[in-house]
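Numbering (this note's numbering), first residue to last: 3 to 422.
Here is the structure we will look at, set down as structure tokens.
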Ligand code: UDP
């Protein structure tokens with residue numbers, strides 16, 4: 003089943019006690035109005051998580067909802083520049099773009115005013131809707147800014163501009179401590195997670211796997227290395243091609259699949275895709291796929307037929323694609339950056355690399371040592387089970403809500419038990 007969205011189904015995967023704990027935590031929060039806001043319904047990790055997180059919160063009795071703000075082209079150009087700047091790129095954003103950003107946020111706040119004014123908790127994801135808070139002075143609930151991107155070394159002038167909005171929030175969430183910025187409110191660290199019952203992660207039968215070989219002309223006899231990601235320079239697809247080319251000199255029957263799609267709030271994807279196609283055009287063993295946003299089973303199957311999964315990002319907020327691959331028993335060769343470091347434990351669940359040469363070396367090593375490849379894949383899955391399932395993230399969100407609603411109280415009564 004692709005979309006059960008009921009907690010009991012998670013007992014087998016996450017453990018009965020974990021689910022029982024979630025129910026206990028949620029019981030006093032029944033009826034709480036919690037709104038998530040981001041800027042795309044499809045594409046990228048944020049939408050991926052919200053599609054599952056919101057129904058699970060509802061299943062726990064929380065009145066959770068998800069709103070998406072939209073804007074004109076200039077708005078997305080501006081917010082993509084924010085994204086690049088937070089991840090460290092020096093960018094020059096014209097004033098007209100900033101005005102458009104502010105106007106879109108003002109307009110969105112007006113459209114959503116009734117929902118937001120009365121919400122108990124509002125979670126704003128990433129910079130796109132961050133300025134809405136400035137237009138809701140009469141808000142009653144607690145507002146949280148959730149940063150999904152690698153904010154370890156932001157381009158200061160842009161962060162300074164955004165910080166003026168973020169400072170109004172009651173709390174922020176970052177994925178790891180290295181990303182946390184100095185802010186005048188509590189900061190929580192909550193890494194993202196995957197849903198094992200999402201179509202992207204459920205077990206597939208042999209027929210599903212064979213179908214993708216056929217659909218994309220993939221050779222079942224040649225080892226496969228795969229990277230799944232938006233066509234974004236921070237994901238370094240050209241570095242992946244280079245790593246593949248370097249490996250192929252030594253392991254000739256080899257193929258590379260680059261699978262990606264766009265996100266409606268990412269205007270740069272087309273350009274990067276063209277660069278990738280140009281770099282790949284002389285090699286019939288490279289397959290470059292542009293997939294629709296709902297190609298979850300296809301991505302699932304590609305991750306399962308791959309021998310090794312790469313995520314050679316040079317900046318990465320978290321990298322859900324890493325967790326997804328690890329859940330399928332794949333060791334991941336990942337860029338030594340951001341959230342990838344939380345998941346790829348070097349030499350244990352995969353390898354961390356800094357260059358295409360480094361990636362090529364690790365690919366060769368794993369293809370020559372199949373027993374190690376398998377062992378790492380096994381450890382990778384168990385590591386995800388312990389750390390990166392949606393049930394863990396849900397627990398942390400619920401705990402955060404308690405923290406926000408109960409402030410500095412030292413004891414919180416929970417359905418007969420006491421948290422201290
Ligand atoms: N994804 C997808 N189709 C694509 C590319 C990516 O569905 O063509 C999914 C991918 O499986 C993962 C999410 O989008 O679930 C990407 O999240 P990640 O954290 O890896 O990167 P982001 O795009 O958020 O930077």
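Idealized CB from N, CA, C, for every residue including glycine.
Check: residue i C-beta below 6 Å from any heavy atom of the ligand UDP
{"i": "residue 93", "result": "no"}
{"i": "residue 126", "result": "no"}
{"i": "residue 84", "result": "no"}
{"i": "residue 293", "result": "yes"}
{"i": "residue 320", "result": "yes"}
{"i": "residue 46", "result": "yes"}
{"i": "residue 279", "result": "no"}
{"i": "residue 270", "result": "no"}
{"i": "residue 323", "result": "yes"}
{"i": "residue 263", "result": "yes"}
{"i": "residue 372", "result": "no"}
{"i": "residue 232", "result": "yes"}
{"i": "residue 192", "result": "no"}
{"i": "residue 123", "result": "no"}
{"i": "residue 227", "result": "no"}
{"i": "residue 301", "result": "yes"}
{"i": "residue 50", "result": "yes"}
Sequence-distant residues of its chain with Cβ nearer than 6 Å to residue i (five each side left out)
{"i": "residue 9", "result": "21 and 61"}
{"i": "residue 86", "result": "93"}
{"i": "residue 111", "result": "134, 137 and 138"}
{"i": "residue 5", "result": "Note that residue 5 scores a pLDDT of 48, beneath 50, so its modelled location is shaky; the value from the coordinates is reported in the next line. Nothing meets the Cβ criterion."}
{"i": "residue 19", "result": "none"}
{"i": "residue 66", "result": "36, 56, 59 and 60"}
{"i": "residue 405", "result": "none"}
{"i": "residue 288", "result": "258 and 282"}
{"i": "residue 240", "result": "281"}
{"i": "residue 337", "result": "314, 315 and 316"}
{"i": "residue 192", "result": "175 and 398"}
Where the alpha helix (DSSP H) through residue i begins and ends
{"i": "residue 384", "result": "372-389"}
{"i": "residue 233", "result": "From DSSP, residue 233 is part of no alpha helix (DSSP H); its letter is neither H nor E."}
{"i": "residue 113", "result": "97-113"}
{"i": "residue 47", "result": "47-61"}
{"i": "residue 305", "result": "298-307"}
{"i": "residue 402", "result": "392-408"}
{"i": "residue 326", "result": "322-329"}
{"i": "residue 277", "result": "271-282"}
Beta strand (DSSP E) segment containing residue i, residue limits
{"i": "residue 13", "result": "No beta strand (DSSP E) holds residue 13; the alpha helix (DSSP H) holding it covers 13-16."}
{"i": "residue 507", "result": "The chain is shown from 3 up to 422; residue 507 falls before or after that span and cannot be answered."}
{"i": "residue 76", "result": "That residue, residue 76, is in no beta strand (DSSP E); its alpha helix (DSSP H) goes 75-88."}
{"i": "residue 127", "result": "123-127"}
{"i": "residue 313", "result": "310-313"}
Exposure of residue i, with buried meaning 16 or more beta-carbon neighbours within 10 Å
{"i": "residue 233", "result": "buried"}
{"i": "residue 157", "result": "buried"}
{"i": "residue 40", "result": "buried"}
{"i": "residue 16", "result": "buried"}
{"i": "residue 374", "result": "exposed"}
{"i": "residue 129", "result": "buried"}
{"i": "residue 303", "result": "buried"}
{"i": "residue 367", "result": "exposed"}
{"i": "residue 437", "result": "Outside the shown range of the chain, which is 3 to 422, sits residue 437, and nothing can be said about it."}
{"i": "residue 140", "result": "exposed"}
{"i": "residue 203", "result": "buried"}
{"i": "residue 162", "result": "exposed"}
{"i": "residue 308", "result": "buried"}
{"i": "residue 148", "result": "buried"}
Neighbourhood of residue i by C-beta, 7 Å cutoff - its chain only, sequence neighbours within 5 removed
{"i": "residue 383", "result": "328, 329 and 331"}
{"i": "residue 143", "result": "121, 122, 123 and 124"}
{"i": "residue 381", "result": "350 and 351"}
{"i": "residue 145", "result": "124, 126, 135, 171 and 172"}
{"i": "residue 365", "result": "227, 245, 249, 310 and 335"}
{"i": "residue 11", "result": "199"}
In DSSP terms, what residue i is bridged to
{"i": "residue 40", "result": "70"}
{"i": "residue 337", "result": "355"}
{"i": "residue 289", "result": "259"}
{"i": "residue 174", "result": "147 and 189"}
{"i": "residue 135", "result": "In the DSSP output, where bridge partners are listed per residue, residue 135 has none listed."}
{"i": "residue 348", "result": "352"}
{"i": "residue 196", "result": "391"}
{"i": "residue 226", "result": "257"}
{"i": "residue 35", "result": "65"}
Same chain only: Cβ atoms within 8 Å of residue i, ignoring 5 sequence neighbours per side
{"i": "residue 340", "result": "152, 154, 177, 178, 180, 181, 315, 317, 318, 319, 320 and 321"}
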